[in-house]
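**Q** Residue numbers (mature numbering (1 follows the signal peptide of the UniProt record, and there is no 0)): -24 to -1, 1 to 285.
Think of the CB as a built atom: it goes at the ideal place given N, C-alpha and C, for glycine as much as any other residue.
Below you can see the structure in the form of structure tokens.
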């Protein structure tokens, strides 16, 4: 180990960057992926979603946060509605090397779709809370290896309801010890003021205005009938760091993929990975994963974060 450390110091002193994967191999980092997988991986007809499991094995994350896990049950298929064919989250996660799993809610008895969020991990997940009240798709809080996670999926068609959801999560974080390290992630269905230049052409705003004529429930604009930046601004004002923006100041969309996207035909970033201010220097790498698999598997691209332990 001492030889390895000396070698790393020599490389750093020579100005040579060390790949994040090399640090991970030495047990220095965690790899996290957050992914809205679209209607419980509806595009994947393989048994036990083996197509997705194969891709995840290649990515080899330590922790995986998932949104839209429709049709999945924690462990027991008997909790699922009669006549349904649920996927066992425990069995599924074990197929890609994650023995620890939590989902925010079981399938509804009446078969209605609730778009639950879930988290899986190589390491034990402890101190879990599941919140479904005042949260359209629910949110999970959990602790893994001393880090605290929030996984959520905000309301897709109401800026007002997203405001209630973010307030509830931030109040939850505020109620905990100030020195905790937090990671806050998911499909937040809202635009960031850090991306404002990407929306200055008004194409997204105009699309939403036009879409509202067909779907009156689309209330995604703010009170001034413009794009609503207030949701993300609250998170930033709280002190969270947008991990992606640390190394990508330019606008990079997380949707649509080459599959489709029903809320806009124009580029947008709705998928976020935030870290608390005391983790800013722990960020090693944050990217949106765009490859042949993610191009067509979901309507969102996943976000990757590598951070120091």
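If we require 4 or more residues per run, which alpha helix (DSSP H) segments fall completely within the segment 97 to 153?
**A** For the segment 97 to 153, whole alpha helix (DSSP H) runs of length 4 or above, ordered along the chain, are 135 to 150.
**Q** Is the beta carbon of residue 77 closer than 7 Å to that of residue 96?
**A** In the chain shown, the residue the question calls residue 96 occupies position 120. In the chain shown, the residue the question calls residue 77 occupies position 101. Cβ distance < 7 Å, so residue 96 and residue 77 count as in contact.
**Q** Which of helix, strand or coil does DSSP assign to residue 31?
**A** Looking up residue 31 in the chain shown gives position 55. The answer is helix: DSSP assigns residue 31 an H, G or I state.
**Q** Anyone know if the C-beta pair for residue 196 and residue 135 falls short of 7 Å?
**A** For the purposes of this step, residue 196 is taken as residue 220 along the chain shown, with counting starting at 1. For the purposes of this step, residue 135 is taken as residue 159 along the chain shown, with counting starting at 1. Contact flag set, yes.
**Q** Do you know how far the Cα of residue 85 is from the Cα of residue 123?
**A** Taking the chain shown and counting its residues from 1, the one referred to as residue 123 is at position 147. Taking the chain shown and counting its residues from 1, the one referred to as residue 85 is at position 109. Going from the Cα of residue 123 to the Cα of residue 85 covers about 34 Å.
**Q** Which of helix, strand or coil does DSSP assign to residue 251?
**A** By 1-based counting over the chain shown, the position of residue 251 is 275. Strand.
**Q** Mark residue 100 as exposed unless 16 or more other C-beta atoms lie within 10 angstroms of its C-beta, in which case mark it buried.
**A** In the chain shown, the residue the question calls residue 100 occupies position 124. Its Cβ having fewer than 16 others within 10 Å, residue 100 is exposed.
**Q** Should the segment 245 to 259 be regarded as contacting the segment 180 to 197, the criterion being three or more beta carbon pairs within less than 8 Å?
**A** The segment 245 to 259, when compared against the segment 180 to 197, does not touch it at the 8 Å Cβ threshold.
**Q** Checking 7 Å against the spacing of the C-beta atoms, do residue 10 and residue 29 come in under that value?
**A** Walking along the chain shown from the start, residue 10 turns up at place 34. Walking along the chain shown from the start, residue 29 turns up at place 53. For residue 10 and residue 29, no; Cβs fall outside 7 Å.
**Q** Smallest Cα separation from residue 71: which of 159, 184 and 23?
**A** Counting from 1 along the chain shown, the entry for residue 71 is found at position 95. It is 23 whose Cα lies nearest to the Cα of residue 71.
**Q** The ligand PLP and residue 254: does the residue's C-beta get closer than 6 Å to at least one heavy atom of that ligand?
**A** The ligand PLP is not among the ligands present in this structure, which contains no ligands whatsoever.
**Q** Excluding sequence positions up to five away, which residues of its chain have a Cβ less than 6 Å from the Cβ of residue 156?
**A** For this step, residue 156 is matched to residue 180 along the chain shown. Here the set comprises 124.
**Q** For the alpha helix (DSSP H) that contains residue 159, what are its first and last residues?
**A** For the purposes of this step, residue 159 is taken as residue 183 along the chain shown, with counting starting at 1. Segment 158 to 163 is the beta strand (DSSP E) holding residue 159; no alpha helix (DSSP H) there.
**Q** Just curious, the alpha helix (DSSP H) that residue 222 is in, first and last residue?
**A** Reading the chain shown from its first residue, position 246 is the one you call residue 222. Unbroken alpha helix (DSSP H) run through residue 222: 219 to 223.
**Q** Quick check on the DSSP output: the alpha helix (DSSP H) that includes residue 206 runs from which residue to which?
**A** In the chain shown, counting from the first residue as 1, residue 206 sits at position 230. Residues 206 to 214.
**Q** Confirm, please, whether the CB-CB distance from residue 242 to residue 280 is below 7 Å.
**A** Along the chain shown, one-based indexing puts residue 280 at 304. Along the chain shown, one-based indexing puts residue 242 at 266. No, they are not a contact pair.
**Q** Taking the alpha carbon of residue 146 as the point to measure from, which residue in 277, 66, 231 and 208 has its own alpha carbon closest?
**A** In the chain shown, residue 146 corresponds to position 170, counting from 1. Measuring from the Cα of residue 146, the nearest candidate turns out to be 208.
**Q** Between 175, 117, 137 and 162, which lies nearest to residue 149 when the distance is taken from Cα to Cα?
**A** Sequence index remark: in the chain shown, residue 149 carries index 173 (1-based). The shortest Cα separation from residue 149 among 175, 117, 137 and 162 belongs to 117.
**Q** Which value, in whole angstroms, describes the spacing of the CA atoms of residue 282 and residue 119?
**A** Translated into positions along the chain shown, residue 282 becomes position 306. Translated into positions along the chain shown, residue 119 becomes position 143. The alpha-carbon atoms of residue 282 and residue 119 are separated by roughly 17 Å.
**Q** Quick one: Cα of residue 235 to Cα of residue 203, how far?
**A** Here residue 235 corresponds to residue number 259 of the chain shown, with the count starting at 1. Here residue 203 corresponds to residue number 227 of the chain shown, with the count starting at 1. Cα to Cα, residue 235 sits roughly 25 Å from residue 203.
**Q** What does residue 264 pair with, by DSSP beta-bridge criteria?
**A** By 1-based counting over the chain shown, the position of residue 264 is 288. DSSP lists 279 as partners of residue 264.
**Q** What's the call for residue 87, buried or exposed, on a 16-neighbour Cβ count within 10 Å?
**A** By 1-based counting over the chain shown, the position of residue 87 is 111. Exposed.
**Q** Any idea which residues DSSP pairs residue 11 with across the strands?
**A** Within the chain shown, residue 11 is the residue found at index 35, counting from 1. In the DSSP output, where bridge partners are listed per residue, residue 11 has 42.
**Q** Residue 183 lies in the alpha helix (DSSP H); which residues open and close that run?
**A** Along the chain shown, one-based indexing puts residue 183 at 207. Note, residue 183: alpha helix (DSSP H), 179 to 190.
**Q** For my contact list, residue 214 and residue 165 are in at a C-beta cut-off of 8 Å; report their separation, rounded to the angstrom.
**A** What you label residue 214 is simply residue 238 of the chain shown in a count that begins at 1. What you label residue 165 is simply residue 189 of the chain shown in a count that begins at 1. Their Cβ separation, rounded to whole angstroms, is 18 Å, which puts residue 214 and residue 165 out of contact at 8 Å.
**Q** Residue 76 lies in the beta strand (DSSP E); which residues open and close that run?
**A** Within the chain shown, the letter at position 100 stands for residue 76. Per DSSP, residue 76 belongs to the beta strand (DSSP E) from 76 to 79.
**Q** Determine whether the beta carbon atoms of residue 111 and residue 45 lie at a separation below 7 Å.
**A** Along the chain shown, read from residue 1 onward, the residue named residue 111 stands at position 135. Along the chain shown, read from residue 1 onward, the residue named residue 45 stands at position 69. No; because the gap between Cβ atoms is not below 7 Å, this pair is not in contact.
**Q** Pick helix, strand or coil for residue 284, following the three-state DSSP scheme.
**A** Within the chain shown, the letter at position 308 stands for residue 284. Strand at residue 284.
**Q** Taking DSSP as the reference, what is the three-state secondary structure of residue 200?
**A** Start at 1 with the first residue of the chain shown, and residue 200 comes out as number 224. Residue 200 falls in the coil class under three-state DSSP.
**Q** Closer than 6 Å by C-beta to residue 33: which residues in its own chain qualify, once you throw out the five before and the five after it? Chain order, please.
**A** The residue given as residue 33 occupies position 57 in the chain shown. Once the five neighbours on either side are set aside, the close Cβ partners of residue 33 are 72.
**Q** Three-state secondary structure (DSSP) at residue 172?
**A** In the chain shown, the residue the question calls residue 172 occupies position 196. In this structure, residue 172 counts as helix in the three-state DSSP scheme.
**Q** Can you tell me where the alpha helix (DSSP H) with residue 244 in it begins and where it stops?
**A** Along the chain shown, one-based indexing puts residue 244 at 268. Where residue 244 is concerned, there is no enclosing alpha helix (DSSP H), given that its DSSP letter is neither H nor E.
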